[in-house]
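Here the structure is laid out as structure tokens; the discussion comes afterwards.
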Amino acid sequence: MKSPQKPSELAICQHLISLGYMPRYEEPRGTKAPDFSVYKAKKLAAVAEVEDIDYNPKELALLRSGTMISGSFDPYAPLRQKIKKARAQFAGSTDYPCILYVKDNTHRAVTDPMFVYGAMFGNIAVSMPIDADTGTADIDQQSLFFGSGGRMVDPHRGTWQNQTISAVGILRSIYPDRMKSRYEEQLAELVKECDVHDQGSLDKYLSSASGLEETLTKEGYDLQKEVASVTYHKNPTSHLQLPGKFYGGKYDYVYDYDLQTGEIKLLSKPSL
Numbered sequence: 030m031k032s033p034q035k036p037s038e039l040a041i042c043q044h045l046i047s048l049g050y051m052p053r054y055e056e057p058r059g060t061k062a063p064d065f066s067v068y069k070a071k072k073l074a075a076v077a078e079v080e081d082i083d084y085n086p087k088e089l090a091l092l093r094s095g096t097m098i099s100g101s102f103d104p105y106a107p108l109r110q111k112i113k114k115a116r117a118q119f120a121g122s123t124d125y126p127c128i129l130y131v132k133d134n135t136h137r138a139v140t141d142p143m144f145v146y147g148a149m150f151g152n153i154a155v156s157m158p159i160d161a162d163t164g165t166a167d168i169d170q171q172s173l174f175f176g177s178g179g180r181m182v183d184p185h186r187g188t189w190q191n192q193t194i195s196a197v198g199i200l201r202s203i204y205p206d207r208m209k210s211r212y213e214e215q216l217a218e219l220v221k222e223c224d225v226h227d228q229g230s231l232d233k234y235l236s237s238a239s240g241l242e243e244t245l246t247k248e249g250y251d252l253q254k255e256v257a258s259v260t261y262h263k264n265p266t267s268h269l270q271l272p273g274k275f276y277g278g279k280y281d282y283v284y285d286y287d288l289q290t291g292e293i294k295l296l297s298k299p300s301l
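Under the working numbering, think of the first position of the sequence shown as 30, with each following residue one higher.
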């Protein structure tokens with residue numbers, strides 16, 4: 030029996046178990062074998078695929094030589110490529126909710142919810158009324174919307190596609206005690222008071238930052254504790270939605286997109 034090998038697959042396997050599910054690795058489904066068939070009480074509840082965003086060989090060679098990677102970057106392309114690949118893996122699983130998990134190993138892909146939904150429903154665009162007499166735009170009434178290019182929209186018919194994908198989950202690490210202690214916020218306040226061009230000011234900041242960490246550690250916070258967190262982005266056009274239990278992780282975020290209002294809604298966040 031095969032078992033997951035990649036760190037991202039191992040992390041998702043543990044994540045699913047923590048939610049009360051039993052994942053089976055690469056169980057054949059038709060002609061495909063998605064990464065996980067996810068069971069609950071011996072019944073198939075969902076199917077999951079895990080994808081990594083990695084540097085390509087050319088980029089790796091540059092990084093290893095100490096050369097900075099430069100040039101233009103499409104913030105939607107990495108996720109859209111993974112959605113396309115997952116769709117093929119889910120071809121034999123259309124009767125079950127399917128979820129795509131993505132881990133960004135480059136730390137440069139844009140995985141903010143707005144851009145994840147942009148990868149799904151279209152490039153982020155701006156709309157604003159224009160005065161017919163003066164030809165000037167009213168920027169106070171501008172609004173964002175999703176334009177073209179989304180993987181969940183057929184570019185020719187304008188109808189929904191890839192509806193087998195119930196959600197896109199972004200796998201990342203978070204530091205729960207840093208969040209509970211507001212460590213990052215307190216550190217940001219110290220940064221505001223620091224003049225990096227003045228050595229005295231810089232020394233004061235370093236001393237204060239060290240003191241803050243020491244104080245919080247004495248109070249019982251483990252600032253180095255790192256845990257896996259999944260940010261779920263529900264697909265409102267999907268034929269089948271994931272069981273609610275998928276959205277109950279202690280360290281997870283859940284977002285949904287309202288097709289009527291165009292609003293991205295935060296449904297839940299880590300319960301620390």
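Don't be surprised by glycine CBs; every beta carbon is placed ideally from N, CA and C. Keep in mind that this is a model prediction, so the values were computed, not measured.
Do Lys69 and Pro272 have their C-beta atoms within less than 9 Å of each other? Judged by their CB atoms, Lys69 and Pro272 are nearer to each other than the 9 Å cut-off.
Taking buried to mean at least 16 other C-beta atoms within 10 Å of its own C-beta, is Ile288 buried or exposed? According to the sequence shown, residue 288 is Leu rather than Ile. The residue is exposed, with fewer than 16 neighbouring Cβ atoms inside 10 Å.
Which same chain residues, not among the five before or five after Lys209, have their C-beta less than 8 Å away from its C-beta? Only Tyr250 and Leu301 meet the Cβ criterion.
Ordered list of beta strand (DSSP E) runs contained in the stretch 136–221, each at least 3 residues: Runs of the beta strand (DSSP E) spanning 3 or more residues and lying entirely within the stretch 136–221 occur at 153–156, 172–175 and 194–203, in chain order.
Three or more C-beta pairs below 8 Å linking the stretch 204–220 and the stretch 291–298: Output reads no: the stretch 291–298 does not touch the stretch 204–220.
Do Leu2 and Ile194 have their C-beta atoms within less than 9 Å of each other? Given that the chain is displayed from residue 30 to residue 301, the structure contains no residue 2 and the question cannot be resolved.
If you reduce the DSSP assignment to three classes, tell me which class Phe102 lands in. It is coil, neither helix nor strand.
Under the assumption that Leu200 contacts Val131 (Cβ atoms under 8 Å), give the Cβ distance between them as a whole number of angstroms. Contact holds; Cβ gap of about 7 Å.
Counting pairs of beta carbons, one from the stretch 258–269 and one from the stretch 213–225, are three or more of them closer than 8 Å? The answer is no - the stretch 213–225 does not touch the stretch 258–269, with fewer than three Cβ pairs under 8 Å.
For Leu129, which residues does DSSP report across the bridge? Answer by DSSP bridge pairing, in chain order: Glu78 and Val197.
Could you work out which residue in Ile46, Asp64, Tyr84 and Tyr105 is closest to Gly176 when comparing CA atoms only? Answer by Cα proximity: Tyr105.
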